[in-house]
DNA sequence: GTTTTTGTTGATTGACGAGTCAATAAACTT
DNA sequence: AAGTTTATTGACTCGTCAATCAACAAAAAC
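Chains as they are written, first to last, in the numbering used here: chain P, 1 to 193; chain A, 1 to 193.
Structure follows, in structure tokens:
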């Protein structure tokens, strides 16, 4: 029953299934067969399109990072002032598309993958650098020389809130996560003297 | 060559080897044989003392959390005022005994383990609750009603700084990690009006 | 000095899983 | 209609690894 032009559809289905499977299992120790079954195909086909399990994981990770980037860009698109752009980056980081149970769990696992797989490591570094650079850029006019430090702190705090959400039971509380990070930002933006 | 009273020595050696092996591999996908070899014994003996790989991991995780707790308590022992105690908890969190490359990497992996293993989950929750409760207690006289929120923020930030250190290349920079968290604390402790 | 307890391992079992391959089938090409 | 390309899978290979077991060794107990 070969429909032509199946490749992109199959690849997308596998990426989606990978995130779901890893997220649900809470572990990278999932089999290609499990992923393939969830994506509605044989494991042989998964290997046919991706070549190896490693490549499947990398594609899934790229997908997560791409989605994340898109959500931040989306949030940024309506913001004009430095402060509103800053807040857009933060709230974009917790957009409902990314801040989901399985996505967070998959994210955590990909973090671990980056310890082993150089390409995964590279991907994560690119994301981190871009985030920090964006934050720094908007922070400069607001906190001057402290921009670098605040950008790093914000980045770390976002990661921390993420992984804590991975461990919490029940659905991740978006408003609550946002509140923690926003309050940090508020403190830093307060005029002091 | 059976030396008597070997059990506690063997167990300790296995726990140490587990942390090192997981830390170096950057993954939980290490074999019992690898761990046992590093600890200088056969894999059969590792199974003899721990029963299963799962139990070995749990013992290693308990060890990490115990060490962490001890370092925080140690730092606390010399502090008297609320603020100095608060700072002791923070700097204790980055004590050189805990804030090591392999320990951090192992920590991250155990975080993942907590997604799968209920007992690991429980252990992590106990640690988180205790940390938050300690922080809240010292924060109360300093920031009043904000104590709860600040305690949560600090906890998340510490975790975030930890996992970022796991990804950084080179030795983890203790002073730098401490600086990020300390500055957060400084902002929160500033008198505002 | 024999029995029991504690320590220890090599060899084996049994399961599982990544990746390959040969075969089949439907579409497109000429 | 014959040939080519794309899609698809069941069956198989080969390696790996957790866990078990039988056997051996030394100390303790009796």
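Ideal Cβ positions, reconstructed from N, Cα and C, are used throughout, including at glycine.
C-alpha gap between residue i and residue j, whole angstroms
{"i": "residue 44 of chain P", "j": "residue 31 of chain P", "result": "12 Å"}
{"i": "residue 178 of chain A", "j": "residue 99 of chain A", "result": "11 Å"}
{"i": "residue 106 of chain A", "j": "residue 133 of chain P", "result": "29 Å"}
{"i": "residue 34 of chain A", "j": "residue 23 of chain A", "result": "13 Å"}
{"i": "residue 14 of chain A", "j": "residue 182 of chain A", "result": "35 Å"}
{"i": "residue 59 of chain A", "j": "residue 167 of chain P", "result": "20 Å"}
{"i": "residue 18 of chain P", "j": "residue 174 of chain P", "result": "23 Å"}
{"i": "residue 153 of chain P", "j": "residue 47 of chain P", "result": "41 Å"}
{"i": "residue 61 of chain P", "j": "residue 71 of chain P", "result": "15 Å"}
{"i": "residue 122 of chain P", "j": "residue 53 of chain P", "result": "18 Å"}
{"i": "residue 9 of chain A", "j": "residue 97 of chain A", "result": "20 Å"}
{"i": "residue 186 of chain A", "j": "residue 92 of chain A", "result": "17 Å"}
{"i": "residue 102 of chain P", "j": "residue 189 of chain P", "result": "33 Å"}
{"i": "residue 127 of chain P", "j": "residue 163 of chain A", "result": "15 Å"}
{"i": "residue 129 of chain P", "j": "residue 90 of chain P", "result": "15 Å"}
Where residue i sits in the DSSP three-state scheme
{"i": "residue 159 of chain A", "result": "helix"}
{"i": "residue 172 of chain A", "result": "coil"}
{"i": "residue 193 of chain P", "result": "Below a pLDDT of 50, predicted positions are generally treated as unreliable, and residue 193 of chain P, at 45, falls in that range; the measurement from the model is reported next regardless. If DSSP states are grouped into helix, strand and coil, residue 193 of chain P belongs with coil."}
{"i": "residue 31 of chain P", "result": "coil"}
{"i": "residue 16 of chain A", "result": "helix"}
{"i": "residue 26 of chain P", "result": "coil"}
{"i": "residue 182 of chain A", "result": "helix"}
{"i": "residue 39 of chain A", "result": "coil"}
{"i": "residue 79 of chain A", "result": "coil"}
Where the alpha helix (DSSP H) through residue i begins and ends
{"i": "residue 69 of chain A", "result": "53-76"}
{"i": "residue 86 of chain A", "result": "82-93"}
{"i": "residue 4 of chain A", "result": "Counting along the chain, residue 4 of chain A falls outside any alpha helix (DSSP H), and DSSP gives it neither H nor E."}
{"i": "residue 43 of chain A", "result": "43-50"}
Could you list the residues in the stretch 88-109 of chain A with a C-beta less than 7 Å from some C-beta on chain P, going in chain order? 105, 108, 109
Residues in the stretch 156-169 of chain P having any Cβ partner in chain A nearer than 9 Å: 156, 157, 158, 159, 160, 161, 162, 163, 164, 166, 167, 169
Can you give me, in chain order, the residues of the stretch 9-33 of chain P that have a beta carbon less than 9 Å from any beta carbon in chain A? Within the stretch 9-33 of chain P, the residues whose Cβ lies closer than 9 Å to some Cβ of chain A are 25, 26, 27, 28, 29, listed in chain order.
Start-end ranges of the alpha helix (DSSP H) lying completely within the stretch 97-150 of chain P, minimum 4 residues: 101-116, 118-143
When you check each C-beta in the stretch 40-57 of chain P against every C-beta of chain A, which residues fall closer than 9 Å? none
Please name the residues in the stretch 108-127 of chain A whose beta-carbon is closer than 9 Å to at least one beta-carbon of chain P, in chain order. 108, 109, 111, 112, 113, 114, 115, 116, 121, 124, 125
Residues of the stretch 170-183 of chain A with Cβ closer than 7 Å to any Cβ of chain P, in chain order: From the stretch 170-183 of chain A, only 180, 183 have a Cβ closer than 7 Å to chain P.
With 9 Å as the C-beta to C-beta threshold (strictly closer), list the residues of the stretch 133-145 of chain A near chain P in chain order. none
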